[in-house]
Structures are given as C-alpha cells and as structure tokens.
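Beneath this line is the structure, given in structure tokens, with notes to follow.
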Amino acid sequence: MPKISKSAVFNAAKISAGCAAAIVISTLLGVKYSATAGLITVLSIQNTKKETAEIAVKRLLSFITAIITSFISFRFLGYTTTAFAVYLFVFILICGLFRAQSAIVPVSVLIAHILSEKHFDLQIVINEFLLLFIGAGTGFLLNLYLHRDTKKMTEYRAAVDDEIKAIIGRMADRVLVSDKSDYTGDCFRRLDGYMKSARDLAVLNRQNSLINNDNYDLLYLDMRQKQCTILYEMYKSVKEMDSTPEQAHIISELLKKIKDEYHEYNNVSRLLEETNKVITEMKDQKMPESREEFENRASLYNLMIRTREFLTIKKMFMDNNK
711 MPKISKSAVF NAAKISAGCA AAIVISTLLG VKYSATAGLI TVLSIQNTKK
761 ETAEIAVKRL LSFITAIITS FISFRFLGYT TTAFAVYLFV FILICGLFRA
811 QSAIVPVSVL IAHILSEKHF DLQIVINEFL LLFIGAGTGF LLNLYLHRDT
861 KKMTEYRAAV DDEIKAIIGR MADRVLVSDK SDYTGDCFRR LDGYMKSARD
911 LAVLNRQNSL INNDNYDLLY LDMRQKQCTI LYEMYKSVKE MDSTPEQAHI
961 ISELLKKIKD EYHEYNNVSR LLEETNKVIT EMKDQKMPES REEFENRASL
1011 YNLMIRTREF LTIKKMFMDN NK
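My numbering applies: residue 711 is where the sequence shown begins, and numbers increase by one.
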C-alpha cells in the first residue's frame, strides 16, 4: 500500500488552510461568492515563489482582459449562454496568445458570476476583483515560507565532487594495471544521478528567490557537467591501455595529486602547470619501439590532453566567478 509522505500531508494541510482563510476573509469583507476565493487560492499555489507570483500577475492582467471582452459580449448579446460562449472563445484565444492559459478557468468563473447577476456595473467588477485578489494573495502568502535549500544544495555539490574525486582516484590506480576487464563505467551513471538531483534543486532554489537571482549553483553545475564529459573521455583513454608504459607512473602520481587537491575553491593553476610540464616531457621522449608501446603511449598522451581540458574548465570558471 502506498505510503503518504509528511510533505504531502503538510502540503494538503497548507492548501486546505489557505482555502478556508480566503473564504473567511471574503465573507468578513462582505464579498459575494466567497467560496470562489478559496478555489482561486488552491489554483494559485505553485511549487515555487516565482511561479506563484507570475501566475498571480498573469491572472490580474487576464482579469482586466476578461472584463473588457465580457462587457462587449454581454452588451451586444445580452446575459445569455451565447454571449458567455463568445466571450470564452475570444478569451481563450487571447490567453493562448500570451501563454496565460492558467488564468482561463479561475477568471472565467468570475465572469460567470456576472452572467448569473445579469448586470454589469462597478460594484460587481469590484466584487470579482476582490475574489481574485484575496484568492491569489492568500496563495502567494502561503508560499512565502518556501526558501532556498542551501544545506541540501551543499550536500549535492559535495556528492558530485566526491564522486568525481573517486573516479580520478580509480584512474590513477588503473593506469598502472594492464588488465582492465573489471574497469567499468558504472560510476558515471551514479555521477549522472547526482548531477540531475543537484541541478533540479538548483533550479528550484532559484525559482524560490524573488529578489536574489544568484546563478552560482547553476553555473557551478554547468562547469562540473562539462568536466564530466571530459572525465568520461579520460576514462576511455585509460580503458584502452593494455600495458603500462614507464610514463604511466608519473601520470598516476599527477592524477592522485589532482584527486587530493580537488575541491570547489581550488583555481587549479598549479595543477595546470604540472600537467603542461608532463605533456611537454612526453613530447620530448624518444619514439616508442613497438606498435603496442606506441598505442599505449598515445592513450596516455590523450589522457593528459583531456586532463588539461578538465583542469582548464575549472580554471576558467574560477576566473569568471571571483
């Protein structure tokens, strides 16, 4: 049997309480059709602050459009089903044009009140506006408690970084082993899972910040995603090797050093210098004596070129986000 989570219970309680509050406020203010304010509250609560605010603004603008459209329709066709259908046809087209489809149902319910009242004056317009304002406003206030989950974001970033460090550490070991039959890329599927969780939360955090548009988390994860692409190419270079050239020991030590110094705030300048030094030394070494040695040294060289790309991505990120 499916289990109901605490967050689901809390969310249901929040929506129910908000709906009741909107109805009570409307009733105390003497607004007719007060239950509609509660329903608008339910429809206004979104996953993030920005979504809730955006929908509230769209519904306000749509309400103005609906009032004008329905006034013209009722004026010429009377307070009839035909007039309401004509209004609805035009209103749906306008909402679709401006991507405000979420306003069609709640705003049209308000216009239906005017159809029921069979008159169009300032008092009924104010009544419907108050229903919209109270409903959307209550929904927005209920979502003010939403905040950036910085603690969870830090945990996700750490999980991504730790997995990348582990992958580099395994490379440092495997580059010295000829038999790589059990050296699989399963770790990259795990890394992709961490990356997806981190990115989803980063987007959610940004949407829950109405004023602060800090993109650091998203930029950081974009940088790590680029590194992951290069990291997989590094893995393939190591996987291709079926023997251990003498240069592999130097490269293994360099990879271990990269793993040990791998953290969020390292600008990797020194590591880049050491990597370039190893690449230069590899170029200056004598030519391989056999095809096997040539192919394995080529894989090592490609590994170093990819390692330099891997570090350069981090260096550019640090330079651009000082």
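Note that the Cβ used here is the ideal one computed from N, Cα and C, for glycine as well.
DSSP three-state label for residue i, please.
i	result
K713	coil
K742	coil
M905	helix
M951	coil
Q756	coil
Y945	helix
T790	coil
E963	helix
L886	coil
N1031	coil
D872	helix
A810	coil
F773	helix
Can you check which of these residues, the options, is closest to residue i by C-alpha distance?
i	options	result
S772	K724, S744, I814	I814
E943	F1020, M992, I735	F1020
N976	M1014, N1031, E1005	N1031
I877	D970, A727, F720	D970
L840	N1012, T860, A722, T746	T746
L973	V796, T864, E991, T860	Before going on, a small fix: residue 973 reads as His here, not Leu. Comparing Cα positions, the closest option is T864.
E764	D902, E963, S812	S812
D1029	N1006, E1005, E950, S979	S979
Would you kindly work out how many angstroms separate the C-alpha atoms of residue i and residue j, rounded to a whole number?
i	j	result
I921	F850	In this predicted model, I921 has a pLDDT of only 48, less than 50, meaning its place in the structure is not dependable; the value taken from the coordinates is given anyway. So the alpha carbons of these two residues sit roughly 15 Å apart.
S744	Y866	44 Å
K875	R900	13 Å
T1022	L982	7 Å
G895	Y945	8 Å
G748	L787	31 Å
A730	L842	15 Å
I778	F801	10 Å
Y797	L738	31 Å
G821	T775	In the sequence as displayed, the identity of residue 821 is Ile instead of Gly. Distance between the alpha carbons of I821 and T775: 11 Å.
I804	F830	22 Å
N986	E963	14 Å
L1010	D902	25 Å
I834	V734	19 Å
V819	L832	18 Å
Spatial neighbours of residue i within its chain, please: C-beta separation below 8 Å, excluding the five flanking residues on both sides.
i	result
F1027	L929, Y930, M933
T762	S754, I755, Q756, G849, F850, N853
V913	L928
L937	The sequence shown places Gln at residue 937, rather than the Leu named in the question. Only I874, F1020, I1023, K1024 meet the Cβ criterion.
D883	S962
Identify, in the order they occur along the chain, each residue of the same chain with its Cβ nearer than 6 Å to the Cβ of residue i, setting aside the five sequence neighbours on each side.
i	result
M881	V948, L965
I940	R1016, E1019, F1020
G728	T751, T848, L852
Can you list, in chain order, the residues of its chain whose CB lies under 7 Å from that of residue i, leaving out five sequence neighbours each side?
i	result
A846	I750, S754, A766, R769
L825	Y789, F794
K862	L911
I961	V885, V988, L1010, L1013, M1014
Does residue i come within less than 8 Å of chain B when only Cβ atoms are used?
i	result
N977	In the structure shown, chain B does not exist; there is a single protein chain.
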